[in-house]
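Quick notes on the structure that follows.
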Amino acid sequence: MDERVREHAAVLVDWSARVEAGDDVVLSVGPDAHELAVAVAEKLGERGANLLATYGSGEITRAYLRAHDGDFDENPAHELAVVENADVYLSLGGGRNTSATADVPGEQRRAYNEARTEIRERRLGTRWVSTVHPTRSLAQQANMAYAEYQDFAYEAILRDWESLADEMAQLKEVLDAGSELRLVSRGTDLTMDIEGRTAVNSAASVAYDSHNLPSGEVFTAPDATEGEVTFDVPMTIRGEPVRNVRLEFADGEVVDYDAEQGEDVIDDILETDAGARRLGEVGIGMNRGIDRYTDNILFDEKMGETVHLALGRAYDACLPDGESGNESAVHVDLITDVSEESVLEVDGEVLQRNGVFRFEDGFDA
């Protein structure tokens, strides 16, 4: 086994999920994430945690959803019981086909997701963390040789997370104190209300309300979005390519949209429910270990010199106590490159210009 696999497992168990002796852990394993699952299981055994390993794949999901009549039972008790009794939920991605569910009808996806709302909420109430094992399918999607992709993935995952957390805390402090966030770049002039919201220093650990490994972003839950935004980073969403998406907002909702490719995917997302037309997240990438786009949202949205916005569900960690944020059955991220001809402002003061923050060397005031 590549020693980096064991290092990945150690970061996941120790830093990210903060697993303790006696924790009940669900380990969801993708088809080609076997090696990482073995390394994680070993760490959980050393820790004295209780392990339940499950297997999931896009092909299994596709077969089930395409065969079902669409009248799904709400929150099946056996599935609900698993997440209700879990302390930790670890998801190890690593499929054989990144487009395995591309031909599942949108209405079938929506019905399934809506029928599992409580299950999803219970899972999000655990110390959950999602990560991926670098696989050949992900390397192919990134247009990289497998060994090259492994090096890329581990550079992003095996970071000095404590130091990065200290660096990102500077951005969190600015966002927490701010009232209005404005992004201006090519095809974009968007304002968002962030007053009273709490930014999350997403340093790849549940101790920071962060649930992705790798991570490396600071995000918050915007409100009252106005203006227009263009997402120029290529993505695959629900197994289909999506290119150059434009969204127009008024009174916080998407009122117009188009895309060079994948417009039907965006349409399907927006039709999920009322909350799918509003933003649940604005995130600013700060992981400089991610130096290229790989068509994988787990990595691409964390890349330095990018900003991403998510249609749909807002995270409770960003909201004041007692306040409900945007609710939706979906949370779909879209990314824009801010490395050139771009300004990010908080209350009229430049926070980032052309991808460089005002607290970094090289900032052009």
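Be aware that the sequence shown starts at 1037, since it is given in my numbering, and climbs by one per residue. Think of the CB as a built atom: it goes at the ideal place given N, C-alpha and C, for glycine as much as any other residue.
Collapsed DSSP secondary structure at residue i in the structure displayed
{"i": "residue 1326", "result": "coil"}
{"i": "residue 1104", "result": "coil"}
{"i": "residue 1238", "result": "strand"}
{"i": "residue 1282", "result": "strand"}
{"i": "residue 1346", "result": "strand"}
{"i": "residue 1174", "result": "helix"}
{"i": "residue 1351", "result": "coil"}
{"i": "residue 1268", "result": "coil"}
{"i": "residue 1055", "result": "coil"}
{"i": "residue 1209", "result": "helix"}
{"i": "residue 1249", "result": "strand"}
{"i": "residue 1302", "result": "helix"}
{"i": "residue 1390", "result": "coil"}
{"i": "residue 1041", "result": "helix"}
{"i": "residue 1204", "result": "helix"}
{"i": "residue 1308", "result": "coil"}
{"i": "residue 1165", "result": "strand"}
{"i": "residue 1064", "result": "strand"}
Test item: CB-CB of residue i and residue j under 8 Å
{"i": "residue 1377", "j": "residue 1222", "result": "yes"}
{"i": "residue 1052", "j": "residue 1092", "result": "no"}
{"i": "residue 1369", "j": "residue 1337", "result": "yes"}
{"i": "residue 1299", "j": "residue 1280", "result": "no"}
{"i": "residue 1276", "j": "residue 1138", "result": "yes"}
{"i": "residue 1037", "j": "residue 1075", "result": "yes"}
{"i": "residue 1361", "j": "residue 1316", "result": "yes"}
{"i": "residue 1400", "j": "residue 1389", "result": "yes"}
{"i": "residue 1302", "j": "residue 1312", "result": "no"}
{"i": "residue 1049", "j": "residue 1080", "result": "yes"}
{"i": "residue 1105", "j": "residue 1171", "result": "no"}
{"i": "residue 1270", "j": "residue 1182", "result": "no"}
{"i": "residue 1332", "j": "residue 1192", "result": "no"}
{"i": "residue 1134", "j": "residue 1173", "result": "yes"}
{"i": "residue 1244", "j": "residue 1201", "result": "yes"}
{"i": "residue 1155", "j": "residue 1101", "result": "no"}
{"i": "residue 1318", "j": "residue 1347", "result": "no"}
{"i": "residue 1094", "j": "residue 1131", "result": "yes"}
{"i": "residue 1382", "j": "residue 1263", "result": "no"}
{"i": "residue 1113", "j": "residue 1062", "result": "no"}
{"i": "residue 1384", "j": "residue 1392", "result": "no"}
{"i": "residue 1321", "j": "residue 1341", "result": "yes"}
{"i": "residue 1003", "j": "residue 1054", "result": "The question about residue 1003 has no answer here: the residues shown for the chain are numbered 1037 through 1401."}
{"i": "residue 1111", "j": "residue 1152", "result": "yes"}
Rounded Cβ spacing between residue i and residue j (contact assumed at less than 8 Å)
{"i": "residue 1284", "j": "residue 1291", "result": "6 Å"}
So, does the stretch 1199-1212 touch the stretch 1124-1143, judging by three or more C-beta pairs under 8 Å?
Counting Cβ pairs under 8 Å, fewer than three are found: no touch.
Determine contact between the stretch 1187-1207 and the stretch 1343-1359, defined as no fewer than three beta-carbon pairs at a distance below 8 Å.
Flag = no, the stretch 1187-1207 and the stretch 1343-1359 do not touch.
Determine contact between the stretch 1189-1204 and the stretch 1255-1264, defined as no fewer than three beta-carbon pairs at a distance below 8 Å.
Fewer than three beta-carbon pairs drawn from the stretch 1189-1204 and the stretch 1255-1264 are found closer than 8 Å, and the two stretches are therefore not classed as touching.
In chain order, which alpha helix (DSSP H) runs of at least 4 residues are fully inside the stretch 1102-1139?
DSSP runs (the alpha helix (DSSP H)) wholly in the stretch 1102-1139: 1113-1120.
Meets three-Cβ-pair contact criterion under 8 Å: the stretch 1235-1251 and the stretch 1152-1172
Because the criterion of three Cβ pairs below 8 Å is met, the stretch 1235-1251 and the stretch 1152-1172 touch.
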